[in-house]
Structures are given as C-alpha cells and as structure tokens.
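Engineer: With numbering that gives the first Met the number 0 applied, the sequence shown covers 0 to 157. Beta carbons are placed, not taken as given, at the ideal position from N, Cα and C, and that holds for glycine.
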Amino acid sequence: MPVPQDIDSQAAGRQLLTGHRELRAQLAELRASLDETGGPGAVRDAGANAALIQQLRARCLEYCLGLHHHHTMEDSAFPVFEQRYPEIAPVIERLREEHRQVAAGLERLGKLVAADDGQDVTWLKEELERTVAGLEEHFRYEETHLLPALGVIVPPTT
Numbered sequence: 000m001p002v003p004q005d006i007d008s009q010a011a012g013r014q015l016l017t018g019h020r021e022l023r024a025q026l027a028e029l030r031a032s033l034d035e036t037g038g039p040g041a042v043r044d045a046g047a048n049a050a051l052i053q054q055l056r057a058r059c060l061e062y063c064l065g066l067h068h069h070h071t072m073e074d075s076a077f078p079v080f081e082q083r084y085p086e087i088a089p090v091i092e093r094l095r096e097e098h099r100q101v102a103a104g105l106e107r108l109g110k111l112v113a114a115d116d117g118q119d120v121t122w123l124k125e126e127l128e129r130t131v132a133g134l135e136e137h138f139r140y141e142e143t144h145l146l147p148a149l150g151v152i153v154p155p156t157t
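1. Determine the direct distance from the alpha carbon of Tyr62 to that of Leu105, and round the result to whole angstroms.
2. Mind checking Glu141: buried by the 16 CB within 10 Å criterion, or exposed?
3. Quick one: grab the DSSP three-state call for Val79.
4. Considering only heavy atoms of the ligand FMN, does any lie closer than 6 Å to the CB of Glu81?
5. Between Arg98 and the rest of its own chain, which residues show a CB-CB distance below 8 Å, the 5 nearest in sequence each way excluded?
6. To the nearest angstrom, how far is it from the Cα of Glu92 to the Cα of Leu33?
7. Under the three-state reduction of DSSP, which class applies to Ile172: helix, strand or coil?
8. DSSP three-state label for Pro155, please.
9. Since Gly150 is in the alpha helix (DSSP H), which residue starts that stretch and which ends it?
10. Under a Cβ-count criterion, where at least 16 other Cβ atoms within 10 Å of its own Cβ denotes burial, should Thr17 be classed as buried or exposed?
11. Roughly how many angstroms separate the alpha carbons of Ala102 and Gln54, rounded to a whole number?
12. Look at Gln9 and Val151 and say whether their C-beta atoms are less than 7 Å apart.
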C-alpha cells in the first residue's frame, strides 16, 4: 500500500495521542468489568454469568481489534516520519518491534478467546494482562520520543 506523502505530522501526532487516551480508557473499563464479573459481587446464576462472560470476551476482542488498528495506522505513517525526521529512525524501529510483539500477543489472545467455551473469566484477565503488559510503557515511549519530533506537545497527564 503506498504511503501518502502529504501526511500532516502534527495532526497525525495529535491523532496518535488521542488514540492512546481512548485505548487507555477502554482498557481501564475492560479491566473493571472483568474484575466485577469475577469478584465477590459477581453474578452467580449460570445463564446470566455465561452471557456476561460472552459479552466480556467480545469486548476483549473488540479492544484487541482497536489496538491492532491503531498500530497498523501508526506503522503506515512511519515511513513518512523516517523520511522527514531521519534522526528518529531508531525510535521508529523500536516502535515497530514493539508493535510486532503486541500483534503476536493479540493473535494468541484472539485464538484463545475464540477457542474457549468455559465459564471462568480468570484466564481471560490473565491473558489480557499478559498481552497488554508493557503497553503503558510503549505509549509513554511514543509520547516521549516520537510525538515531540512531530511537533506535538504532550501534557504531563495523558
């Protein structure tokens, strides 16, 4: 796929930052829902619990798809950024590698969720955490090393 050369770097950077905020919020909501479903006040009716778990599995897959899309969009802009800002080539290479690692985790999680027919969310919480481990660090690295090169000022509380 050809990469458009007329990318507005600042607009792309602001969009990336907005995406990080949205992904952080969605992950927090997903974690809270998983905690509530498996916690002390959890629904104990088998049918209702199965429906909740199915809904959580779908939300988990939805989050994973959104994260994959976010990284795909970033990856498509990286060649332009490398061309315009050659000094950040090592930053972009690290981000690409992290994207590959996250993609492998997302693929593994997707297969596990699709194959599971159990009634327990414990494994889902564990797999989600394994998959997103280091995600906050990844976002911070992008916000600290990539966005300033694109002319985007990142507020201290993102």
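Structural biologist: Answer, in terms of the structure:
1. Whole-angstrom Cα-Cα distance: 10 Å.
2. When all chains shown are included, Glu141 counts as buried.
3. Val79: helix per DSSP, three-state reduction.
4. The ligand content of the structure shown is nil, which means the ligand FMN is not present either.
5. The displayed chain sequence assigns His, not Arg, to residue 98. Short of 8 Å from the beta carbon of His98, and not among the five residues preceding or following it, lie these beta carbons of its own chain, in chain order: His70, Glu73 and Asp74.
6. Glu92 and Leu33 have their alpha carbons spaced roughly 34 Å apart.
7. Only positions 0 to 157 of the chain appear in the structure, and residue 172 is not among them; the question remains open.
8. For Pro155, the three-state secondary structure derived from DSSP is coil.
9. Judged by DSSP secondary structure, Gly150 falls outside any alpha helix (DSSP H); it is assigned neither H nor E.
10. Under this definition Thr17 is an exposed residue.
11. Straight-line spacing of the CA atoms in Ala102 and Gln54 works out to 23 Å.
12. Taking C-beta atoms as the reference points, Gln9 and Val151 count as a pair closer than 7 Å.
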